[in-house]
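365 is the number that this note's numbering gives to position 313 of the sequence shown; each next residue is one higher, with no gaps.
Using N, Cα and C, we set each Cβ at its ideal position, and we do this for glycine too.
Predicted model, so just to flag it, every value in this text is computed and none were measured.
Reviewing the structure listed below.
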Amino acid sequence: MNPKGDLNARDNTELRLKYASGYHAPVLWHAVIQGLVTDLDGVYVDGTLGGGGHTAALLDVLSPNGTVIAIDQDDEAIREASERLSTDVSSRRLTILKGNFADMRVLLSNQGIEKVDGILLDLGVSSHQLDEASRGFSHRMTGPLDMRMDQDQPMSADNVVNEWEERDLMMAFFQLGEEPKARRIARAIVAARPLRSTEALADLVRDAAPRGAESKTLARVFQAIRIVVNQELEVLDTALESAVGLLATGGRIAVISYHSLEDRRAKRFFRSGNLEGEIKKDFFGHPISPWIDLTRKPISADEEELKQNPRSRSARLRIAERKEDRKTDRKTPQ
Ligand SMILES: C[S@@+](CC[C@H](N)C(=O)[O-])C[C@H]1O[C@@H](n2cnc3c(N)ncnc32)[C@H](O)[C@@H]1O
Numbered sequence: 053m054n055p056k057g058d059l060n061a062r063d064n065t066e067l068r069l070k071y072a073s074g075y076h077a078p079v080l081w082h083a084v085i086q087g088l089v090t091d092l093d094g095v096y097v098d099g100t101l102g103g104g105g106h107t108a109a110l111l112d113v114l115s116p117n118g119t120v121i122a123i124d125q126d127d128e129a130i131r132e133a134s135e136r137l138s139t140d141v142s143s144r145r146l147t148i149l150k151g152n153f154a155d156m157r158v159l160l161s162n163q164g165i166e167k168v169d170g171i172l173l174d175l176g177v178s179s180h181q182l183d184e185a186s187r188g189f190s191h192r193m194t195g196p197l198d199m200r201m202d203q204d205q206p207m208s209a210d211n212v213v214n215e216w217e218e219r220d221l222m223m224a225f226f227q228l229g230e231e232p233k234a235r236r237i238a239r240a241i242v243a244a245r246p247l248r249s250t251e252a253l254a255d256l257v258r259d260a261a262p263r264g265a266e267s268k269t270l271a272r273v274f275q276a277i278r279i280v281v282n283q284e285l286e287v288l289d290t291a292l293e294s295a296v297g298l299l300a301t302g303g304r305i306a307v308i309s310y311h312s313l314e315d316r317r318a319k320r321f322f323r324s325g326n327l328e329g330e331i332k333k334d335f336f337g338h339p340i341s342p343w344i345d346l347t348r349k350p351i352s353a354d355e356e357e358l359k360q361n362p363r364s365r366s367a368r369l370r371i372a373e374r375k376e377d378r379k380t381d382r383k384t385p386q
């Protein structure tokens, strides 16, 4: 897991501060850079640009020939990171693209790029999105029921909360929020419609939650709605599958997830090479997978990082390397 650069010689704290963009310190950045960078002259994709913290760290470590293509679906993130990293954009070491990482193959192909050396996905919402009341992600602030990362997309949290069938809401809370009182909360929402703000929804969920479990229930319900609005699991599945074709042999993918539904997907995919997690074997009994799983156990934040950035508490990093395709990986003898 060692890149060619001498990263360990650097002073961690100084670098950590340098890469913090003022609103989003890049989570687990040191482990990401160490695990992801295998070629200092390579081409890297940051599928979740956000505040640009990981992109900045990558650019700092790569040689002047190394390049980064950074993608985000949020116009605000694109605008702010483009300003922050304008020197690298001007020198063409960095290309910033608006879009969904699920579409990265097409986005890259439009730039004339068919293979890359590394892909980073730092999933979920940024601190900036969470802290901005008008984006409607937080149950701690009053804002519209929005929760769209891509503000050009038509479906918002308002549509889900006010238009979905009770049964579908219940299933979403249960499956995507792992909320034990899913039925009770879905019923309460339907009875109280229309709900027009995060505050109205939060008050209702708090009233419907078992006493003492209000905060956890709020977090789970808001998480479920956010995942639905942004189709977070579907886009992750698509991105994982397209990474197989995009990565050059020996290239790596790093995924930072913040809840078990995402982490489970990355874990299964890196172990088995398919979304079902089914380990297939060739004629000779060798497991068939395009990956070498480099993190049997996910990497999480150490004490020092937790102190500086409490939001890193739930972060889990997994890294896998693209194996060379063997003939037996493609075909089983008849
Ligand atoms: C956790 S933040 C990334 C922070 C970033 N690594 C940094 O160091 O500042 C996630 C960012 O990814 C974006 N994002 C999430 N899912 C996305 C997707 N499917 N396609 C494109 N961008 C996405 C969000 O809009 C947000 O800006």
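Element boundaries [beta strand (DSSP E), containing Thr301]: If you number the sequence shown from 1, residue 301 lands on position 249. Unbroken beta strand (DSSP E) run through Thr301: 299–309.
Pair within 8 Å by beta-carbon distance, Pro78 and Ala109: In the sequence shown, residue 78 corresponds to position 26, counting from 1. In the sequence shown, residue 109 corresponds to position 57, counting from 1. Yes, these two residues count as a Cβ contact at 8 Å.
In DSSP terms, what Thr147 is bridged to: The count along the sequence shown starts at 1 and reaches residue 147 at position 95. Note: Thr147 sits in a beta bridge opposite Ile121.
Spatially closest choice to Ile279 from Val177, Leu160, Gly99, by CA coordinates: For the purposes of this step, residue 279 is taken as residue 227 along the sequence shown, with counting starting at 1. Minimum Cα distance to Ile279 is reached at Val177.
Continuous alpha helix (DSSP H) stretch holding Trp81: start and end: Here residue 81 refers to the residue found at position 29 of the sequence shown. First-last of the alpha helix (DSSP H) with Trp81: 81–88.
Proximity of Asp84 and Ala300 at Cβ, strictly below 8 Å: Start at 1 with the first residue of the sequence shown, and residue 84 comes out as number 32. Start at 1 with the first residue of the sequence shown, and residue 300 comes out as number 248. Here residue 84 is Val; the residue named in the question, Asp, does not match the sequence. Going by C-beta atoms, Val84 is not nearer than 8 Å to Ala300.
Own chain, CB closer than 6 Å to Met222, minus 5 neighbours either side, in chain order: As a position in the sequence shown, residue 222 is number 170, starting the count at 1. For Met222, where only same-chain residues beyond five positions count, the Cβ hits under 6 Å are Ala234, Arg235, Ala238.
DSSP-derived helix/strand/coil call for Lys359: Numbered from its first residue, the sequence shown carries residue 359 at position 307. Of the three classes helix, strand and coil, the one that applies to Lys359 here is helix, per DSSP.
The region 260–274 / the region 325–340 touching (three or more Cβ pairs under 8 Å): no
Alpha carbon of Gln227 to alpha carbon of Asn152, nearest angstrom: Here residue 227 refers to the residue found at position 175 of the sequence shown. Here residue 152 refers to the residue found at position 100 of the sequence shown. One C-alpha to the other measures close to 23 Å.
Contact set for Leu292: own chain, Cβ-Cβ below 6 Å, skip 5 residues either direction: Translated into positions along the sequence shown, residue 292 becomes position 240. Within the same chain, Leu292 has close Cβ partners Phe321.
8 Å Cβ cutoff met for Leu146 and Leu137: Locating residue 146 in the sequence shown gives position 94, where the first residue counts as 1. Locating residue 137 in the sequence shown gives position 85, where the first residue counts as 1. Cβ atoms of Leu146 and Leu137: closer than 8 Å.
Host beta strand (DSSP E) of Arg374 (start-end): Working through the sequence shown from its first residue, we reach residue 374 at position 322. Counting along the chain, the beta strand (DSSP E) containing Arg374 begins and ends at 368–374.
Unbroken alpha helix (DSSP H) run spanning Asp112, endpoints: For the purposes of this step, residue 112 is taken as the residue at position 60 of the sequence shown. Element bounds for Asp112: 105–113.
Sequence-distant residues of its chain with Cβ nearer than 6 Å to Glu357 (five each side left out): Translated into the one-based positions of the sequence shown, residue 357 becomes position 305. Correct list, in chain order: Ser364.
Where the beta strand (DSSP E) containing Asp345 begins and where it ends: Numbered from its first residue, the sequence shown carries residue 345 at position 293. First-last of the beta strand (DSSP E) with Asp345: 343–345.
Leu369 beta carbon less than 8 Å from that of Leu80: In the sequence shown, counting from the first residue as 1, residue 80 sits at position 28. In the sequence shown, counting from the first residue as 1, residue 369 sits at position 317. For Leu80 and Leu369, yes; Cβs fall inside 8 Å.
Residue-level contact to chain B via CB, Arg363, 8 Å cutoff: Absent here is chain B; the protein component of the structure consists of one chain.
Through-space distance from Arg304 to Thr290, alpha-carbon basis: On the sequence shown, position 238 is the one that residue 290 refers to. On the sequence shown, position 252 is the one that residue 304 refers to. Answer to the nearest angstrom: the Cα atoms are 17 Å apart.
Residue from Thr250, Leu175, Leu197, Ser142 with nearest C-alpha to Glu286: As a first step, residue 286 must be located in the sequence shown, where it is residue number 234. For Glu286, the nearest C-alpha among the options comes from Leu175.
Leu247 and Val213 closer than 8 Å at C-beta: The sequence position of residue 247 within the sequence shown is 195, counting from 1. The sequence position of residue 213 within the sequence shown is 161, counting from 1. Yes.
Selection from Asp93, Glu132, Gly188, Val89 that minimises the alpha carbon distance to Asn282: What you label residue 282 is simply residue 230 of the sequence shown in a count that begins at 1. It is Gly188.
Same chain, Cβ closer than 6 Å to Gln181, neighbours up to 5 away in sequence not counted: Translated into positions along the sequence shown, residue 181 becomes position 129. Contacts found: Arg187, Phe189.
DSSP three-state assignment for Asp127, whether helix, strand or coil: Counting from 1 along the sequence shown, the entry for residue 127 is found at position 75. Asp127 falls in the helix class under three-state DSSP.
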